[in-house]
Amino acid sequence: MKVRRGRRQQVGEGASAGESGVAVELRGVRRQYGRGAGAVHALAGVDLALPRGSFTAVMGPSGSGKSTFLQCAAGLDRPSAGSVRLGGTEITGMSENKLTELRRSRLGFVFQAFNLLPSLTVEQNVLLPLRLAGQRQDRRRAAAVLAQVGLADKARRRPGELSGGQQQRVAVARALVTSPDVIFADEPTGALDTGTAEEVLGLLRHAVDGLGATVVMVTHDPSAAAWADSVLFLADGSFADRLDHGSPAQIAARMTALTARSGGAMAGAAA
Ligand SMILES: Nc1ncnc2c1ncn2[C@@H]1O[C@H](COP(=O)(O)OP(=O)(O)OP(=O)(O)O)[C@@H](O)[C@H]1O
Ligand SMILES: [Mg+2]
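Residue numbers (my numbering): 200 to 470.
Now the structure itself:
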């Protein structure tokens, strides 16, 4: 496995531009759907820099732009304006092919709905990112990441034979298999019960503390967000608040305050 920098070494150590301490950087990012009077400003000017080796949760009311933010930050969607840098690489004008290659080699994804392929075995699902990237399908690597998520004995099973929590752990193993710089997770515990959710959150925490990855996680759940180093709060397409090392109760209180403030703004800026 590649040697990575620990989270405490990252900031301000005079790294070169390409190896800067910033894993994800958005400048003036806007994402508009539709035009004219009916336009929706899903992201209304987002500026953000997430250090390498950090775990960030993104919260906000439904429709505040969380998924749009994650998609733009991960190069799955193109902003209407502004720039996105991943590990110092500007992805804004990048060709679709280059972007796909960057996503496959340097990013990992975990979604609420697991998104495993039912006809493939657990091992084949985990190896899929390597297969898609045209790399050697290293079965020892698959075994190692499956062991990390506690599923060493499930390699030959199909996803349908596993519980929801086990399936999400397979999805985390699949996200880890390429040793990505950044893992993007959209509601990774949304379909799980509390105990199972904690197992998955523990794995994401370990990806940061043990492997030096950067994790960006969208969640509705203050208890899930409390596993992160900081929580960023989105309201109406821009970041309105931030809380570092908050408890679930503190995070829930901030969310309540945010929802009270942004209530009634559902119709969008251009309406
Ligand atoms: N493809 C689309 N076309 C038009 N409008 C869209 C599209 N996708 C999202 N939007 C709008 O952009 C805004 C932000 O949507 P987004 O999905 O990012 O919200 P969210 O915070 O992830 O919400 P949720 O918590 O419900 O998942 C919403 O007003 C939504 O209706
Ligand atoms: Mg969403």
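All C-beta atoms in this analysis are idealised placements derived from N, C-alpha and C, irrespective of residue type, glycine included.
Just so it is clear, the structure is predicted and the values come from calculations on it, not from any experiment.
Buried or exposed (CB count within 10 angstroms, at least 16 for buried), residue i
i: Arg340; result: buried
i: Thr255; result: buried
i: Glu289; result: exposed
i: Glu322; result: buried
i: Leu265; result: Sequence check: residue 265 is Lys here, not Leu. Looking at its Cβ environment, which holds 16 or more other Cβ atoms inside 10 Å, Lys265 is buried.
i: Asn296; result: exposed
i: Ser263; result: buried
i: Ser253; result: buried
i: Pro278; result: buried
i: Glu224; result: buried
i: Gly285; result: The amino acid at residue 285 is misidentified as Gly; the sequence shows Leu. That one is buried.
i: Thr455; result: exposed
i: Arg331; result: Correcting the residue identity first, residue 331 is Leu in this sequence and not Arg. Answer is exposed; the Cβ neighbour count stays below 16.
DSSP beta-bridge partners of residue i
i: His472; result: Past the edges of the chain, shown from 200 to 470, lies residue 472, and the structure says nothing about it.
i: Asp403; result: Here residue 403 is Leu; the residue named in the question, Asp, does not match the sequence. None, per the DSSP bridge assignment.
i: Glu224; result: Ala248 and Arg284
i: Asp385; result: Phe310 and Val417
i: Val257; result: Val417 and Leu431
Beta-carbon contacts of residue i that lie in its chain and below 8 Å, excluding the five residues immediately before and after
i: Arg154; result: The structure shown does not extend to residue 154, since the chain is modelled only from 200 through 470, so no value can be given for it.
i: Gly365; result: In the sequence on display, residue 365 carries Gln and not Gly. Once the five neighbours on either side are set aside, the close Cβ partners of Gln365 are Leu350 and Lys353.
i: Ser154; result: The question about residue 154 has no answer here: the residues shown for the chain are numbered 200 through 470.
i: Ala216; result: With a pLDDT of only 40 at Ala216, under 50, the local geometry of the prediction cannot be trusted, and no value is derived from it.
i: Gln367; result: Val309, Phe313, Pro387, Thr388, Ala390, Leu391, Thr395 and Val399
6 Å CB neighbourhood of residue i in its chain, flanking five on each side removed
i: Val415; result: Thr255 and Phe383
i: Thr388; result: Ala396, Val399 and Ala423
i: Leu326; result: Gln336 and Ala341
i: Asp443; result: Ser429
i: Arg181; result: With the chain represented from 200 up to 470, any question about residue 181 goes unanswered, as that position is not in the structure.
i: Ala248; result: Val221 and Glu224
Proximity test, Cβ basis, 7 Å: residue i and chain B
i: Gln323; result: Annotation note: the requested chain B is absent from the structure, which comprises a single protein chain.
Residues near residue i in its chain [Cβ-Cβ closer than 7 Å; skip 5 each side]
i: Ser437; result: Ala243, Gly244 and Val245
i: Arg356; result: Thr320 and Val321
i: Gly233; result: Val239
i: Arg373; result: Asn324, Val325, Leu327 and Pro328
Item to complete: Let me have the residue list for ligand 2: C-beta closer than 6 Å to any non-hydrogen atom, ordered along the chain.
Response: Lys265 and Ser266
Discussion item. For a minimum of 3 consecutive residues, which ranges assigned as the beta strand (DSSP E) are wholly contained in the stretch 283-367?
Written reply: 306-310
Practice prompt. Return the chain-ordered ranges of every beta strand (DSSP E) run that is complete within the stretch 418-452 and spans a minimum of 3 residues.
Written response: 429-434 and 437-443
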